[in-house]
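Beneath this line is the structure, given in structure tokens, with notes to follow.
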Amino acid sequence: MSLLHYLVLSPFILAIFIPFLYKWFRNVHTGWFILPLPVILFGYLLTFVTTGQGMDVVMETVPWVPSLGINFTVYLDGLSLLFALLITGIGALVVLYSIFYIANKKDEPLNNFYVYLLMFMGAMLGVVLTDNLIVVYVFWELTSLASSLLIAYWFHKEKSRYGAQKSMLITVSGGFAMLAGFSLLYVITGTFSIQGIIEQSAQVISSPLAVPAMLLVLAGAFTKSAQFPFHIWLPDAMEAPTPVSAYLHSATMVKAGIYLVARFTPVFGGMPEWFWIVSAAGIITLTWGSISAVRQKDLKGILAFSTVSQLGLIMSLLGLGSAALYFDAADEGQFYTFAVMAAVFHLINHATFKGGLFMAVGIIDHETGTRDIRKLGGLMSVMPITFTISLIGLASMAGLPPFNGFLSKEMFFTGVLDATELPIFNMQTFGLVFPVLAWIASIFTFLYCLIMLMKTFFGKYQPEKLEKEAHEAPIGMLISPIILISLVVIIGFFPNILAYTIIEPVMNSILPGFEFEPNIYHWHGLNTEIFMTVGVILFGSLLFLNLNRWQETYFFLRERDPLNQVYDKGLDGLITSAQGITNIQMTGLLRDYFAYMSIFMVGSLIVTMFWFDAFTFDVDFGMMGSVTPYAVIIVVLLAVVSLSLPFIQHRVSAIAVLGVVGFLIALLFVNFRAPDLALTQLLVETVMVVLFLLCFYFLPELKKEDFKPKFRWLNLVIAISVGLTVSLIGVSTLAMSQTDGYESISMYFIENTYELTGGENMVNMILDDFRALDTILEVLVLGIAALGVVALIKMRFKGGEDV
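End of the sequence shown = 803 in the UniProt record's numbering, gap-free, step of one.
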């Protein structure tokens, strides 16, 4: 394996040792053992960043299931490098922050926290650095699992458990849909390689399965990146510890969907369906998230909806920029690539200012005991460093100069304005909706940033409403947000340090074949974008000044998203339906279970045989061997003994007669010269009869008045149906074996058993080698059953209670 393979696996390897380190070094915060790993990984990934134009793409493959085309292929290009740097860089800062945020107490399971965090880090690296769709899916679902465990870290809180469950259900459901989309892409292209699929993008788009595959892939992306209407899981996920929110829900996990859309843009980007769905979902999410954020009273709640909004902004830009692929790369399409560049730049900027803001909110919560803006106020003089961090982060998120958020927000305005000039998809008419909604959403973005700043740091200081005496955080907790906010300022003043080192390679990954000149600067003259920004500031300030007039309205007071009711009622309905079906199925009667299984078996077999027109009764009895008198006698005895079973009312007699049926079947095997099968049947039947007799020996006596046999027509119909189905399939199989169109598989085993396995007993070798996995699982089941029997016997001997 290459170093990049070990880079992906290293968090999982380290996670194995965390429980031992936590146990052996209880006086040392476990986070100190974690911190070196993301720092080293980040430093190694920096070596792939080039100062000139372009970067060398790296691809390394380790076979996993090569027969199915599933390999652990690591692919590093500009897009995956950007996300890997975010995962490891911000991961290192989050670990450092968590060391001071989460106290090293005896009742604080830090080992669990860091195992989950490392599992998530490794899963995210796997998502962005692997090229095989199946491997991507495995890591994708691991991120959902790890994130739900992190959200429920404080599992004694009901809200934490609720948020973890919601996150898991929504994102895993989207992952299942995504897997179906991946399967359709494999059907179209014959490969699980993402790069192989990109090379066949023309074939994908022309396929009738293109739209279903696209919709399923987008379902995975939208659920993970909290796009409307799947965004409802993200605000409830804020019950996680703040380091988790800063890492998962601002910089990494929620951007996995962004990564997926960016990665598949070269495949689906030329399709109008992709353009409209991605861009429309993004702009709706942007607007809804920004409006919903204004209604929140919890600082993390505001940041949660602001994250939803900002993710929508990036998604809409990726959708609008995908229109470039509709044109020739060397012709008109070059004009419409600007939106993608704005998406990439804002993705970086969002990770810096949002990560810093989450950490600042965590500091406020940690040092005051509350995040409720109705209890906060006047903290500017009490927590001056936290105030400075928040001021810069909020100004950047609001799109104010000279910070990096202003630059990407101006580019966003340019992107939506350019989209109205697209000569395709009726954008010159319907496209006007995009700049209008973008401007409205920006007003509310400015408003909630102003609310956070003014309600928290200005106004009257109210110590009586706080759970703790407010004070500035220790320096260890401030280092990480200071670094992130410093990047906000540095990128704001020197944005082009990212131009050819990060942005240009990413653009080459999303829009291959296009040329880019990512020259970013502050002043573009008195253009439409600057006037839109001035309007945002004026109207946002006006709304804030009149906040008291409309904050008591129904809209403002309703913090919880109304779409949560759909989720809650749907979940309740699902549980009620499941309970109803379970009550019908789980009657506690063995005969009912046999009836259900028999009905299902008969129904599925009959439907399958008719569907494939597999029933045939053209049997040439002349080709069959002669039937010996012994076989006739055994079959007649079988029929007589079987028919007598329903009329036997004594348990031991019924078991004995049932055993006779099994022994007669063994005699049939002997008659047809199958000694191995006969021996197996005799052993199994003997053991079963003995076990049944032992079990029934300990049952209470059955009184005659307790046993009143009843004739049931349903049982008779089921029994006849099973018999007829098996007989019909047997006759059809016999008929097909006599035709030339079906070649028997016995010759394969006859010719290859000794050569491939080295054994002369064909039946044994089929069980041990050709069906090895099946046999191993059977042995495992028998082993588990044996352990259960041993445990029950020991309990009995020791006088324990029967279970």
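For every residue, glycine included, the Cβ atom is placed at its ideal position computed from N, Cα and C.
Given a cut-off of 8 Å on the beta-carbon distance, is the pair Ile-205 and Gly-301 in contact? Position 205 of the sequence shown, counted from the first residue, corresponds to residue 205. Position 301 of the sequence shown, counted from the first residue, corresponds to residue 301. Contact flag unset, no.
Between the Cα of Tyr-137 and the Cα atoms of Ala-152, Ser-98 and Met-178, which residue gives the shortest distance? Numbered from 1 along the sequence shown, position 137 holds the residue referred to as residue 137. Selected option, being the one with the closest Cα: Met-178.
Inter-residue Cα distance where the pair is Gly-800 and Val-790: As a working mapping, residue 800 is identified with position 800 in the sequence shown. As a working mapping, residue 790 is identified with position 790 in the sequence shown. Only weak support is given to the placement of Gly-800: the predicted model assigns it a pLDDT of 47, under 50, and the question is left unresolved by the model.
DSSP three-state assignment for Val-803, whether helix, strand or coil: Within the sequence shown, the letter at position 803 stands for residue 803. Confidence is the limiting factor: at Val-803 the pLDDT is only 41, short of 50, which leaves the residue's position unreliable, though a coordinate-based value still follows. Here Val-803 sits in coil by DSSP.
Segment limits, alpha helix (DSSP H) that includes Trp-154: On the sequence shown, residue 154 is found 154 positions in, with the first residue counted as 1. That residue, Trp-154, is in no alpha helix (DSSP H); it is neither H nor E in DSSP.
How big is the Cα-Cα spacing for Leu-734 and Val-619? On the sequence shown, residue 734 is found 734 positions in, with the first residue counted as 1. On the sequence shown, residue 619 is found 619 positions in, with the first residue counted as 1. Going from the Cα of Leu-734 to the Cα of Val-619 covers about 7 Å.
Same chain only: Cβ atoms within 6 Å of Met-765, ignoring 5 sequence neighbours per side: Here residue 765 corresponds to residue number 765 of the sequence shown, with the count starting at 1. Cβ neighbours of Met-765 beyond the five flanking positions: Thr-753, Thr-757 and Gly-759.
Segments assigned beta strand (DSSP E), at least 3 residues, entirely inside the region 181-219: none
Which of the three DSSP states, helix, strand or coil, is assigned to Leu-313? Mapped onto the sequence shown, residue 313 falls at position 313. Helix, per DSSP.
Would Gly-356 and Gly-393 be called neighbours here (beta carbons separated by less than 8 Å)? As a position in the sequence shown, residue 356 is number 356, starting the count at 1. As a position in the sequence shown, residue 393 is number 393, starting the count at 1. The answer is yes: Cβ separation under 8 Å.
Please say whether Gln-296 and Glu-552 have beta carbons closer to each other than 8 Å? The sequence position of residue 552 within the sequence shown is 552, counting from 1. The sequence position of residue 296 within the sequence shown is 296, counting from 1. No, they are not a contact pair.
Is the beta carbon of Glu-239 sitting closer than 8 Å to the one on Lys-159? Here residue 239 is taken as the residue at index 239 of the sequence shown, counted from 1. Here residue 159 is taken as the residue at index 159 of the sequence shown, counted from 1. Going by C-beta atoms, Glu-239 is nearer than 8 Å to Lys-159.
Given 8 Å as the limit, is there contact between the region 521-537 and the region 424-442, that is, 3 or more CB pairs closer than that? yes
Within the UniProt domain "MrpA C-terminal/MbhD" (636-701), ranges of the alpha helix (DSSP H) (whole runs, at least 4 residues): 651-671 and 675-697
Report yes if the C-beta of Met-59 is less than 7 Å from at least one heavy atom of the ligand GTP; otherwise report no. Questions concerning the ligand GTP fall outside what the structure shown contains, since it holds no ligand whatsoever.
If we count the other Cβ atoms within 10 Å of its Cβ and call it buried at 16 or more, is Phe-345 buried or exposed? Stepping through the sequence shown from its first residue, residue 345 is reached at position 345. Answer is buried; the Cβ neighbour count reaches 16.
Is it true that the region 241-250 meets the region 271-289, where meeting means three or more beta-carbon pairs spaced less than 8 Å apart? no
Measuring only the C-alpha atoms, how far is Tyr-748 from His-231? Within the sequence shown, residue 748 is the residue found at index 748, counting from 1. Within the sequence shown, residue 231 is the residue found at index 231, counting from 1. Those two C-alpha atoms are separated by around 55 Å.
Flag this pair as yes or no: are the beta carbons of Gly-181 and Phe-222 separated by less than 8 Å? In the sequence shown, counting from the first residue as 1, residue 181 sits at position 181. In the sequence shown, counting from the first residue as 1, residue 222 sits at position 222. Cβ atoms of Gly-181 and Phe-222: not closer than 8 Å.
Using only alpha-carbon positions, find the residue among Phe-275, Leu-318, Val-254 and Phe-268 that is nearest to Thr-307. Here residue 307 is taken as the residue at index 307 of the sequence shown, counted from 1. Checked all of Phe-275, Leu-318, Val-254 and Phe-268; the closest Cα to Thr-307 is Val-254.
Beta carbon of Ile-655, beta carbon of Val-689: below 8 Å? Residue 655 sits at position 655 when you count from the first residue of the sequence shown. Residue 689 sits at position 689 when you count from the first residue of the sequence shown. Contact flag set, yes.
Sequence-distant residues of the same chain with beta carbon closer than 6 Å to Gly-282, five excluded per side: Within the sequence shown, numbered from 1, the residue matching residue 282 stands at position 282. So the list reads Gly-312, Met-315, Ser-316 and Gly-319, once near-sequence residues are dropped.
Spatial neighbours of Thr-143 in its chain, beta-carbon cut-off 7 Å, leaving aside the 5 residues before and after: Locating residue 143 in the sequence shown gives position 143, counting from the first residue. Hits under 7 Å: Phe-120, Ala-123, Met-124, Val-127, Met-253 and Ala-256.
Would you report the Cα separation of Ser-721 and Ala-674, rounded to the nearest angstrom? Walking along the sequence shown from the start, residue 721 turns up at place 721. Walking along the sequence shown from the start, residue 674 turns up at place 674. Approximately 29 Å, taken between the alpha carbons.
When we look at the beta-carbon of Val-803 and count the other beta-carbons within 10 Å, is it buried (16 or more) or exposed? Taking the first residue of the sequence shown as 1, we reach residue 803 at position 803. Residue confidence for Val-803 is low, a pLDDT of 41 falling below 50, so the modelled location carries little weight and cannot support an answer.
Which class does Leu-76 belong to by DSSP, given the choice of helix, strand or coil? Working through the sequence shown from its first residue, we reach residue 76 at position 76. In the structure shown, Leu-76 sits in a strand (DSSP, three-state: E or B).
Terminal residues of the continuous alpha helix (DSSP H) containing Glu-410? Taking the sequence shown and counting its residues from 1, one reaches residue 410 at position 410. First-last of the alpha helix (DSSP H) with Glu-410: 404-419.
Helix, strand or coil, according to DSSP, for Met-427 in the structure here? Your numbering for residue 427 matches position 427 in the sequence shown. Note: Met-427 maps to helix in three-state DSSP.
Using only alpha-carbon positions, find the residue among Trp-64, Tyr-101 and Ser-509 that is nearest to Leu-478. Counting from 1 along the sequence shown, the entry for residue 478 is found at position 478. Among Trp-64, Tyr-101 and Ser-509, the Cα nearest to that of Leu-478 belongs to Tyr-101.
Roughly how far, in whole angstroms, is the beta-carbon of Tyr-461 from the beta-carbon of Gly-377, given that I think they are within contact range, below 8 Å? In the sequence shown, the residue the question calls residue 461 occupies position 461. In the sequence shown, the residue the question calls residue 377 occupies position 377. At roughly 6 Å, the Cβ-Cβ gap stays under 8 Å, so Tyr-461 and Gly-377 are in contact.
Strictly by DSSP, which residues pair up with Asn-132? Taking the first residue of the sequence shown as position 1, residue 132 is located at position 132. Paired residues: Ser-193.
Count the other C-beta atoms from every protein chain shown that fall within 10 angstroms of the C-beta of His-522, then say buried if there are 16 or more, exposed otherwise. Here residue 522 refers to the residue found at position 522 of the sequence shown. Exposed, since its Cβ has fewer than 16 Cβ neighbours within 10 Å.
So which of Val-8, Phe-42 and Ala-499 has the shortest CA-CA distance to Val-135? Reading the sequence shown from its first residue, position 135 is the one you call residue 135. Val-135 has its Cα closest to that of Val-8, out of Val-8, Phe-42 and Ala-499.
Which ranges would you report for the alpha helix (DSSP H) in the region 461-503 if only whole runs of at least 4 residues count? 475-493
For Val-58, three-class secondary structure by DSSP: Here the question's residue 58 lines up with position 58 in the sequence shown. Strand, per DSSP.
I'd like the list of long-range same chain contacts for Met-380, defined as Cβ closer than 7 Å, with 5 residues on each side in sequence excluded. Within the sequence shown, numbered from 1, the residue matching residue 380 stands at position 380. Here the set comprises Phe-387, Phe-457 and Phe-458.
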